[in-house]
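Under this note's numbering, the residues of the sequence shown are numbered 8 to 102, in order.
Even glycine gets a Cβ: it sits at the ideal position worked out from N, Cα and C.
Notes to accompany the following structure.
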Amino acid sequence: MISNKKILITGGAGFIGSNLCDHFISKNNFIICLDNLSTGKISNIEHLHTVYTHRRTILNAPSSSGALSLFEELVLSSSKQGGAKRREMNQPNDL
């Protein structure tokens, strides 16, 4: 089981990504959700406790390491305090 980690989830506003966010948050992880919203929806992650939200366009990033340094400025969510799950799905084994 992964817990108490900082995790980057790309595509976090999509169906699968938002469920991954929910799963890892329920295990007390700090989630960084990155999504270009081409198919993802803000409504999929609105229920998350948002610490910081920033919209930015990254064009011609010089390198993957350069782009990675920008990720922390996009969407940071921390664990939600209690509450019911918003949807049920087949429970994966502890990822």
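- DSSP links Thr17 through a beta bridge to Leu41.
- Straight-line measurement puts the Cα of Gly19 at about 11 Å from the Cα of Glu53.
- For Ile23, the enclosing alpha helix (DSSP H) covers residues 22-33.
- Burial check for Ile23: the Cβ neighbour count within 10 Å stays below 16, so the residue is exposed.
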